[in-house]
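Quick note on the working numbering: the sequence shown kicks off at 4 and runs consecutively.
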Amino acid sequence: MLLKIGIAMLAFAANSVLCRLALAEQQIDPMSFSLIRVCSGAAVLLLLYMLSAHKAKIRWNIKNGFFLALYIIAFSLAYLHIDAGVGALLLFGTVQLSMVGYGICHGEKINLHRGLGLAIAILGILILLLPGASAPHLGYAAIMVLSGIGWAMYSIAGKNMQNPLASTLANFVIAIPLVLLAYIAFYPQSFALPQGVLLAVLSGGLASSGAYVLWYSIVKQIDRVTASSVQLSVPCLAILGGTLFIGEVLSWRIIISAVIVLVGIALVVCDKSVSNSALKVKS
4 MLLKIGIAML
14 AFAANSVLCR
24 LALAEQQIDP
34 MSFSLIRVCS
44 GAAVLLLLYM
54 LSAHKAKIRW
64 NIKNGFFLAL
74 YIIAFSLAYL
84 HIDAGVGALL
94 LFGTVQLSMV
104 GYGICHGEKI
114 NLHRGLGLAI
124 AILGILILLL
134 PGASAPHLGY
144 AAIMVLSGIG
154 WAMYSIAGKN
164 MQNPLASTLA
174 NFVIAIPLVL
184 LAYIAFYPQS
194 FALPQGVLLA
204 VLSGGLASSG
214 AYVLWYSIVK
224 QIDRVTASSV
234 QLSVPCLAIL
244 GGTLFIGEVL
254 SWRIIISAVI
264 VLVGIALVVC
274 DKSVSNSALK
284 VKS
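Structural data, given as structure tokens:
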């Protein structure tokens with residue numbers, strides 16, 4: 004289980020780095036990136052589905068497709084003016100708050116140990132957003148928060164999916180026309196250079212499609228609090244990727260925020276008082 008979670012988190016971080024790399028170097032516009040990403044993801048998922056030995060019935064759910072489209076569109080727009088690591092920190096911080104709030108409203112227990120961990124993680128996000136030279140643009144930060152809400156709702160829906168591959172394929176197919184509408188709305192500003200197209204294909208066909216199937220299989224076996232918390236490791240990976248591959252500046256504010264967030268994650272995930280271990284496969 005831990006290996007699966009690690010692979011999924013690396014893929015999520017790769018999406019942030021690939022998107023930011025494409026947009027920062029002006030290789031493609033956000034909506035073209037989104038459309039190519041969702042189409043390439045659907046194509047790879049269809050291929051995997053056709054090659055699968057046991058083809059589960061595809062169940063179409065417009066709501067899940069909408070959440071996926073919302074996440075993808077807002078994700079690309081926000082990365083126009085937010086660094087990879089900062090964007091990931093905002094994205095998955097929002098995911099954590101949304102999923103924990105939903106879990107509490109639906110009867111999941113949160114004790115003092117976990118509550119302290121969540122509070123510390125939220126503190127790390129707030130430190131990042133404090134006014135200052137290295138603070139992210141508030142408008143684009145708000146768009147990334149919207150993307151986080153979309154991903155949180157998509158992750159929550161994953162607990163009710165019977166077959167991760169068939170469900171993810173259906174969601175990507177439904178998301179295509181929704182992303183296409185956004186692309187048409189922004190069409191006058193669209194452009195795509197070969198490198199931008201390649202990065203979008205890698206994001207959709209490699210870092211999104213297979214990783215989302217894997218994530219859907221994971222969220223069925225862990226509680227919402229843990230599912231939201233482990234995703235907060237993604238910003239740290241994205242910060243590293245942004246520094247190595249994009250040349251983004253690593254400020255002390257970002258480092259301190261990331262460390263505080265990781266401490267919060269550790270408190271939540273390592274809580275031994277939870278009777279049904281969140282990281283244990285259900286029997």
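Cβ atoms here follow ideal geometry from the backbone N, Cα and C, with glycine treated the same way.
Values in this document were obtained by computation on a predicted structure and should not be read as measured data.
- When the Cα atoms are used, Ser43 and Gly208 turn out to be separated by approximately 5 Å.
- Exclusion of the five residues before and after Trp154 leaves Tyr74, Val98 as the residues of its chain whose Cβ lies within less than 6 Å of its Cβ.
- Between the C-alpha atoms of Ala81 and Val20 there is a straight-line separation of about 13 Å.
- One alpha carbon belongs to Gly267, the other to Ser232, and they sit about 8 Å apart.
- Counting C-beta pairs with one atom in each stretch, the stretch 241-248 and the stretch 8-24 have three or more that are closer than 8 Å, which means they touch.
- Sequence-distant partners of Ala178 (beyond 5 residues in either direction) whose C-beta falls short of 6 Å from its own C-beta, in its chain, are Val41, Gly68, Leu71, Ala72.
- Assignment of beta-bridge partners to Ile31 by DSSP yields Ala195.
- For Ser150, the enclosing alpha helix (DSSP H) covers residues 141-160.
- Counting the other Cβ atoms within 10 Å of the Cβ of Tyr190 gives fewer than 16, which makes it exposed.
- Assignment of Gly208 by DSSP, reduced to helix, strand and coil, places it in the helix class.
- Taken through DSSP and simplified to helix, strand or coil, Cys108 comes out as helix.
- Taking each of Ile258, Asp226, His84, Met147 in turn and checking the Cα distance to Asn163, the smallest one comes out for Asp226.
- The count of Cβ pairs closer than 8 Å, one atom from the stretch 24-37 and one from the stretch 195-207, reaches three, so the stretches are in contact.
- In this structure, DSSP gives Ala230 a helical state, which the three-state scheme calls helix.
- About 5 Å separates the CB atoms of Val264 and Leu235; that is less than 8 Å, so the two are in contact.
- In this model, Leu94 and Leu38 are separated by some 20 Å (Cα to Cα).
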